[in-house]
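Quick note on our numbering: the sequence shown kicks off at 22 and runs consecutively. Have a look at the structure below before the remarks.
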Amino acid sequence: MKGRAAAGPAGRLCIRQQLATLLSSHPVHHLTPLVVSPDGQARYLPVHGPLLGLDLAHKPATPARLELDQVLLMVTDGLIERPRIDLADSLEELRQRAADTPSTPHTLRDALLRHYSTDTEDDIALLAVRRQPIEST
Numbered sequence: 022m023k024g025r026a027a028a029g030p031a032g033r034l035c036i037r038q039q040l041a042t043l044l045s046s047h048p049v050h051h052l053t054p055l056v057v058s059p060d061g062q063a064r065y066l067p068v069h070g071p072l073l074g075l076d077l078a079h080k081p082a083t084p085a086r087l088e089l090d091q092v093l094l095m096v097t098d099g100l101i102e103r104p105r106i107d108l109a110d111s112l113e114e115l116r117q118r119a120a121d122t123p124s125t126p127h128t129l130r131d132a133l134l135r136h137y138s139t140d141t142e143d144d145i146a147l148l149a150v151r152r153q154p155i156e157s158t
C-alpha cells in the first residue's frame, strides 16, 4: 500500500479501500489468507492460483468480506514451512493456533512469531488487520 493514510475515520476508510483493493486484485498471496473470528473460529479464504510474483495468469478476484472484529491474517510461507513437514499439516497447525489465540492483531502477531520464528532461516512477513466500526465524529 503506497502513501500514508490520514488519522481518524477518513484514514481508516482509505486503508480499508486500499486493503480491499489488495485482496480483490491479488486473489493469491504466498499462503491463503486466514480469517480469525472473536469466537475462536479460523478459516482459510477460498482463493486459489499461482503465487504472486510468478508470471502466470491469475483467476478473477475472489471477493471477501470481514465481519466486525474479525482479523485477516496473511503470512508468507517462511513462517510455517519446514523441511520434511507437509505444508497441509503446517497450514492446519497455523489455523488451529490462530483459532486458539485471542483474535487481536497484536496478540496473533506476537503469539505466532514467538512460536514459529525460532527455528527458521527463511524470511517472514505477517500482516494481521482487524475490521472495526468507523467512529463518527
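The beta-carbon is built from N, C-alpha and C at its ideal position, and this holds for glycine as well.
Under the three-state reduction of DSSP output, Arg64 falls in the strand class. CA-CA distance, Leu133 to Ser157, rounds to 33 angstroms.
Residue environment analysis places Leu129 among the buried positions, since at least 16 neighbouring C-beta atoms fall within 10 angstroms of its C-beta. Taking C-beta atoms as the reference points, Ser111 and Asp90 fail to come closer than 9 angstroms. Just measuring C-alpha positions, the residue of Thr53, Arg151 and Pro154 sitting nearest Thr97 is Thr53. Annotation: Arg151 is outside any alpha helix (DSSP H); the continuous beta strand (DSSP E) that includes it extends over Leu147 to Arg151.
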